[in-house]
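Counting in the numbering used here, the sequence shown tops out at residue 814, every number present. In this text, a Cβ means the ideal position worked out from N, Cα and C, and glycines have one as well. Bear in mind that the values here come from a model prediction, so they are computed numbers and not experimental data.
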Amino acid sequence: MDDDDLLARSPTDWIRKLEPRLRDQAEHAELHDSFYSGDRRLLLVERDFRDIFNGLLDSVRVNLSRIVVDARVERLAIDGFAVDDDDGADAVDANRVARTAAAIWRRNQLDEMAGIAHLERAIKAVSFGVVWPDDDDRATVSIEDATQMVVERRPWPPYDVVAAMKVWEDDWDGTRFCELYLPDGIHRFVGGKRLAGELWVPSSVRIASGWRPAPGTDVNGRDGRNPFGGLVPVVELTTRARLLKDPQSDLYDIAPLHDAYDVTMAQLVIAGNFSAIPIHTIAGAIIRVDKDGNPVDEDGNPTRPFDKRGDRNWVSPDKDTKFGTLQPGNLGEIIKTRAEILTGVRGLSRVPIHYFDLGGTSGVGAEMLKALEGPLVRAMAAEERALGPQWARLQQLALTIESPDLARAPLRTAWADTETRADSQDADAFSKFHTAGVPLDEAMRRAGFGERAIRHAVELNAHLLAGDDRQDGLDLPTPPRRGPTTPVPAPPPAA
Numbered sequence: 320m321d322d323d324d325l326l327a328r329s330p331t332d333w334i335r336k337l338e339p340r341l342r343d344q345a346e347h348a349e350l351h352d353s354f355y356s357g358d359r360r361l362l363l364v365e366r367d368f369r370d371i372f373n374g375l376l377d378s379v380r381v382n383l384s385r386i387v388v389d390a391r392v393e394r395l396a397i398d399g400f401a402v403d404d405d406d407g408a409d410a411v412d413a414n415r416v417a418r419t420a421a422a423i424w425r426r427n428q429l430d431e432m433a434g435i436a437h438l439e440r441a442i443k444a445v446s447f448g449v450v451w452p453d454d455d456d457r458a459t460v461s462i463e464d465a466t467q468m469v470v471e472r473r474p475w476p477p478y479d480v481v482a483a484m485k486v487w488e489d490d491w492d493g494t495r496f497c498e499l500y501l502p503d504g505i506h507r508f509v510g511g512k513r514l515a516g517e518l519w520v521p522s523s524v525r526i527a528s529g530w531r532p533a534p535g536t537d538v539n540g541r542d543g544r545n546p547f548g549g550l551v552p553v554v555e556l557t558t559r560a561r562l563l564k565d566p567q568s569d570l571y572d573i574a575p576l577h578d579a580y581d582v583t584m585a586q587l588v589i590a591g592n593f594s595a596i597p598i599h600t601i602a603g604a605i606i607r608v609d610k611d612g613n614p615v616d617e618d619g620n621p622t623r624p625f626d627k628r629g630d631r632n633w634v635s636p637d638k639d640t641k642f643g644t645l646q647p648g649n650l651g652e653i654i655k656t657r658a659e660i661l662t663g664v665r666g667l668s669r670v671p672i673h674y675f676d677l678g679g680t681s682g683v684g685a686e687m688l689k690a691l692e693g694p695l696v697r698a699m700a701a702e703e704r705a706l707g708p709q710w711a712r713l714q715q716l717a718l719t720i721e722s723p724d725l726a727r728a729p730l731r732t733a734w735a736d737t738e739t740r741a742d743s744q745d746a747d748a749f750s751k752f753h754t755a756g757v758p759l760d761e762a763m764r765r766a767g768f769g770e771r772a773i774r775h776a777v778e779l780n781a782h783l784l785a786g787d788d789r790q791d792g793l794d795l796p797t798p799p800r801r802g803p804t805t806p807v808p809a810p811p812p813a814a
């Protein structure tokens with residue numbers, strides 16, 4: 320199979336191929352979403368145990384999956400886009416590219432939506448970004464869910480997306496809609512209930528799986544040309560891609576341990592209620608009762624002959640009465656099992672102990688806390704390396720709509736620092752790097768400053784070094800929260 324074979328496939332062929340894959344992908348996504356949402360049943364519980372203690376089981380939940388996902392996703396924050404200097408891009412063009420990309424980003428509210436895309440990707444294995452021009456020929460970027468969209472990639476380099484399908488249902492009347500993104504354009508179909516006033520469509524032009532061309536489209540559902548010159552404007556966002564297997568949720572390995580942890584928590588609560596408290600026994604005592612079986616004293620008044628309160632003494636006039644205490648159950652083994660499960664969760668997720676147990680790092684210094692977060696920081700750096708080119712690709716598609724001359728610029732995604740830092744630590748690191756001869760922008764980058772702060776500082780520093788202390792007419796971004804505001808002298812030449 321080559322490119323010509325892929326392009327020759329009809330919309331019917333693609334729907335038949337992609338629809339079963341979408342169902343499988345949605346099943347994987349919904350399973351792990353139930354763990355994150357905390358609304359799934361415990362799987363590792365015997366039926367008899369569930370029948371007796373079901374009320375307690377439903378209320379005893381510790382959402383480890385949410386802790387794991389949130390701890391990882393909160394460290395993924397896109398700070399902007401820059402042109403990769405290694406490709407020899409012109410500095411003026413680089414500024415224009417960065418500002419145009421930033422404007423597209425803000426207009427599409429991607430500061431917020433990118434976080435949602437990362438969250439959904441972590442839970443459901445993938446999420447998607449789609450670019451399409453609006454009525455004013457401006458780029459509109461949407462984020463799509465793994466339960467509604469699926470893609471097919473070219474099976475050879477550069478592994479581009481060659482087809483994408485989105486399926487969703489109308490909340491009002493249950494009508495299903497399908498959008499198929501192909502190199503020749505977008506194809507729209509309708510399935511399920513017939514729309515009011517819609518003309519009957521002969522079976523000869525019905526599409527696979529009950530789909531039929533949407534009103535206003537041609538016999539193949541085609542609705543306009545592709546403004547991207549044969550490229551499919553859909554980007555798959557994922558970090559756990561495999562060569563021959565589908566991506567997996569970040570919770571794929573955590574979910575079984577999550578179930579086991581909840582079972583041990585349920586056992587701990589049930590044991591605490593029924594067997595961990597000492598049980599007192601009485602044998603040989605004669606207790607007077609009324610006709611209803613309730614304890615009474617010698618005069619027939621209601622009484623509690625053996626009150627379990629700690630400030631009461633138990634007394635029996637019967638010489639054969641024997642008092643005893645049953646040995647309480649030992650919760651130590653359950654607690655030990657729970658700790659072992661939590662150790663497995665931490666090892667698989669790279670999330671350090673203080674996310675699960677604040678007391679676990681009591682008395683630990685800042686350097687040790689930083690060392691504990693090292694595996695998580697490195698794992699997030701790996702995710703940034705995977706997601707960065709995908710977000711840059713999405714921005715290049717958006718630039719194709721708004722500024723075609725900038726679309727081929729080698730974009731690089733700039734990420735906010737994933738490490739936990741103090742302001743004094745950043746300032747000290749910056750001073751040492753710059754004193755050692757590292758250029759201003761690189762020194763700030765190594766010290767953990769974001770790309771916006773770096774760009775502002777470099778432009779402002781160059782302006783001040785030129786001898787003009789006025790900022791009127793400068794096209795500068797909003798000043799960063801931190802960063803130098805006075806000229807930084809050039810480092811001394813190396814000896």
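How many Å lie between residue i and residue j at the Cα?
| i | j | result |
| --- | --- | --- |
| alanine 482 | arginine 727 | 22 angstroms |
| alanine 465 | glutamine 586 | 35 angstroms |
| glutamate 703 | leucine 759 | 24 angstroms |
| proline 614 | isoleucine 653 | 38 angstroms |
| alanine 327 | glycine 548 | 16 angstroms |
| leucine 341 | glutamine 467 | 7 angstroms |
| aspartate 637 | histidine 599 | 18 angstroms |
| isoleucine 334 | proline 452 | 24 angstroms |
| tyrosine 580 | glycine 648 | 20 angstroms |
| aspartate 569 | serine 668 | 8 angstroms |
| aspartate 430 | asparagine 592 | 48 angstroms |
| glutamine 428 | serine 594 | 55 angstroms |
| alanine 421 | alanine 658 | 46 angstroms |
| asparagine 620 | proline 597 | 29 angstroms |
| serine 522 | leucine 501 | Interpretation of serine 522 is limited by its pLDDT of 38, a score under 50 that renders its predicted location unreliable; no figure is taken from the coordinates. |
| proline 339 | leucine 325 | 19 angstroms |
| glutamate 692 | serine 743 | 19 angstroms |
| alanine 413 | alanine 396 | 22 angstroms |
| glycine 448 | glutamine 715 | 12 angstroms |
| threonine 494 | glycine 535 | 17 angstroms |
| alanine 781 | aspartate 323 | 52 angstroms |
| aspartate 616 | lysine 610 | 13 angstroms |
| valine 392 | arginine 731 | 20 angstroms |
Let's see if you can read the secondary structure: which residues bound the beta strand (DSSP E) around residue i?
| i | result |
| --- | --- |
| histidine 599 | 598-602 |
| tyrosine 500 | 495-501 |
| valine 480 | 480-488 |
| valine 509 | 504-510 |
| alanine 458 | 458-463 |
| arginine 731 | 730-734 |
| glycine 399 | 397-402 |
Considering only their Cβ atoms, is the gap separating residue j from residue i smaller than 7 angstroms?
| i | j | result |
| --- | --- | --- |
| alanine 401 | alanine 776 | no |
| isoleucine 720 | alanine 458 | yes |
| aspartate 503 | asparagine 539 | no |
| alanine 717 | valine 450 | yes |
| valine 664 | leucine 576 | yes |
| phenylalanine 749 | alanine 766 | yes |
| alanine 590 | leucine 650 | yes |
| threonine 558 | alanine 705 | yes |
| methionine 484 | leucine 713 | no |
| valine 379 | valine 588 | yes |
| valine 460 | arginine 472 | no |
| valine 445 | proline 566 | yes |
| proline 723 | aspartate 403 | no |
| isoleucine 573 | serine 384 | yes |
| aspartate 542 | arginine 507 | yes |
| glycine 612 | aspartate 639 | no |
For residue i and residue j, which I take to be in contact (beta-carbon distance under 8 angstroms), what is that distance rounded to the nearest angstrom?
| i | j | result |
| --- | --- | --- |
| valine 470 | valine 553 | 6 angstroms |
| leucine 499 | proline 708 | Incorrect: roughly 25 angstroms between the Cβ atoms, too far for contact. |
| leucine 556 | arginine 394 | So it is not a contact: roughly 16 angstroms between Cβ atoms. |
| isoleucine 442 | valine 388 | 6 angstroms |
| leucine 398 | glutamate 770 | Note that residue 398 is aspartate in the sequence shown here, rather than leucine. Indeed, because the Cβ distance is near 5 angstroms, the residues count as touching under 8 angstroms. |
| threonine 644 | threonine 583 | Rounded, the Cβ-Cβ distance is 27 angstroms, inconsistent with contact. |
| histidine 351 | tyrosine 571 | 7 angstroms |
| histidine 753 | alanine 762 | 4 angstroms |
| histidine 673 | leucine 688 | 7 angstroms |
| phenylalanine 496 | aspartate 489 | 7 angstroms |
Following the continuous alpha helix (DSSP H) through residue i, name the residue where it begins and the one where it ends.
| i | result |
| --- | --- |
| glycine 824 | Past the edges of the chain, shown from 320 to 814, lies residue 824, and the structure says nothing about it. |
| glutamate 617 | Element bounds for glutamate 617: n/a, residue is neither H nor E. |
Which runs of the beta strand (DSSP E) spanning at least 3 residues fall entirely within the region 525-609, listed in chain order?
553-556 and 598-602, all fully within the region 525-609.
Just list the beta strand (DSSP E) runs in the region 640-685, keeping only unbroken ones of 3 residues or longer that don't cross its boundaries, in chain order.
Entirely contained in the region 640-685, the beta strand (DSSP E) runs reaching 3 residues are, in chain order, 641-645.
Could I get the ranges of all uninterrupted alpha helix (DSSP H) runs contained in the region 408-451, with 4 residues as the minimum, in chain order?
List check, alpha helix (DSSP H) in window: 410-426 and 429-443.
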